[in-house]
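Take the sequence shown: its position 89, counting from 1, is numbered 89 in our numbering, and each next residue is one higher.
Cβ coordinates follow ideal geometry from the N, Cα and C atoms, glycine included.
The block underneath contains the structure these notes are about, expressed in structure tokens.
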Amino acid sequence: MTSPLRIALIVASTRDGRFGPTVARWFETVAAARTDIELTVLDLADADIPAHWTRDLAPRTRAFVQHLSQADAYVLCTPEYNHSFPASLKQAIDIAGPVWTRKPVGFVSYGGLSGGLRAVEQLRLVFAELHATTIRETVSFHRFPFDEAGRPHDTDAAGQAATTMLDDLLWWANALRTARQHEDASSKAS
Numbered sequence: 001m002t003s004p005l006r007i008a009l010i011v012a013s014t015r016d017g018r019f020g021p022t023v024a025r026w027f028e029t030v031a032a033a034r035t036d037i038e039l040t041v042l043d044l045a046d047a048d049i050p051a052h053w054t055r056d057l058a059p060r061t062r063a064f065v066q067h068l069s070q071a072d073a074y075v076l077c078t079p080e081y082n083h084s085f086p087a088s089l090k091q092a093i094d095i096a097g098p099v100w101t102r103k104p105v106g107f108v109s110y111g112g113l114s115g116g117l118r119a120v121e122q123l124r125l126v127f128a129e130l131h132a133t134t135i136r137e138t139v140s141f142h143r144f145p146f147d148e149a150g151r152p153h154d155t156d157a158a159g160q161a162a163t164t165m166l167d168d169l170l171w172w173a174n175a176l177r178t179a180r181q182h183e184d185a186s187s188k189a190s
């Protein structure tokens with residue numbers, strides 16, 4: 001039996017009054033029900049991501065990148081701001097650079113009429129350039145349909161969407177982890 005796959009759940013918004021932590025907590029409960037996942041939540045609000053590129057990263061930023069590098073796959077919990085994704089997320093993606101290579105990325109999006117899907121479509125272009133594989137199935141919340149307890153109003157549909165996305169994410173994570181391990185073993189043997 002293989003070990004659980006390490007998934008980094010990234011909370012992308014850093015704005016005051018943000019809704020992202022509510023969505024991330026819900027997703028974390030869905031993922032926690034699975035035994036094939038080891039989930040780590042990484043909140044960009046805690047990562048001390050610099051506004052401008054620098055080689056001298058703060059300790060919290062270095063720790064954030066280190067956690068990302070240890071993951072087998074990623075789930076981005078992102079809002080849609082002005083038909084796109086947050087600038088804080090773009091900066092974090094760029095700073096982490098090669099850690100995304102040959103790893104799968106899933107999306108949980110929220111906001112407005114599109115439920116964050118326009119942000120997801122733009123992120124797919126960014127991750128293609130980084131040689132990451134994005135998962136087609138997404139979890140999308142239109143207009144913040146959560147109750148006071150932080151649960152989606154339609155828990156069955158949201159849970160099914162999360163399960164479908166996670167199943168695909170884990171398939172890719174396992175396949176790509178196996179391929180990376182094989183490649184590492186081959187390069188050591190040379």
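On the three-state DSSP scale, how would you describe ILE93? Looking at ILE93 - three-state DSSP - the assignment turns out to be helix.
Closest by CA to ARG136, which one among THR164, GLU129 and ALA33? Of the candidates THR164, GLU129 and ALA33, the one whose C-alpha sits nearest the C-alpha of ARG136 is THR164.
Which stretch, first to last residue, makes up the beta strand (DSSP E) that contains ASP43? In this chain, the beta strand (DSSP E) harbouring ASP43 covers 37-43.
I'd like to know whether the C-beta atoms of ALA212 and ALA162 end up nearer to each other than 8 Å. Outside the displayed span of the chain (1 to 190) sits residue 212, for which this structure offers no information.
When DSSP labels each residue in this structure, what does THR134 get in the three-state scheme? When DSSP states are grouped into helix, strand and coil, THR134 belongs to the strand group.
Need the endpoints of the beta strand (DSSP E) that GLY106 sits in, please. Unbroken beta strand (DSSP E) run through GLY106: 104-110.
Could you tell me how far apart the beta carbons of ASP36 and LEU170 are, in whole angstroms, since I believe they sit closer than 8 Å? Distance from ASP36 to LEU170 at the Cβ level is roughly 6 Å; contact confirmed, criterion being Cβ atoms closer than 8 Å.
Pairing CB atoms from the segment 31-45 with CB atoms from the segment 109-122, are three or more of them under 8 Å? In this structure the segment 31-45 does not touch the segment 109-122; the number of beta carbon pairs closer than 8 Å is below three.
Spell out a yes or no on whether the segment 133-151 and the segment 84-95 are touching, meaning 3 or more CB-CB pairs, one atom from each, closer than 8 Å. No, because fewer than three Cβ pairs between the segment 133-151 and the segment 84-95 fall closer than 8 Å, the two stretches do not touch.
Suppose the cutoff is 6 Å on Cβ atoms and the five residues either side in sequence are ignored; what does the same chain contact list for ALA193 look like? Any answer about residue 193 is impossible in this case: the structure gives the chain only from 1 up to 190.
Apart from the five residues on each side of it in sequence, which residues of its chain come closer than 8 Å, Cβ to Cβ, to PRO21? So the list reads VAL11 and ASP43, once near-sequence residues are dropped.
Between ALA179, GLY97 and PRO59, which has its C-alpha nearest ALA128's C-alpha? Ranking ALA179, GLY97 and PRO59 by Cα distance to ALA128 puts GLY97 first.
For PHE19 and VAL108, believed in contact at Cβ under 8 Å, the rounded distance: With a Cβ gap of about 12 Å, VAL108 and PHE19 do not count as contacting.
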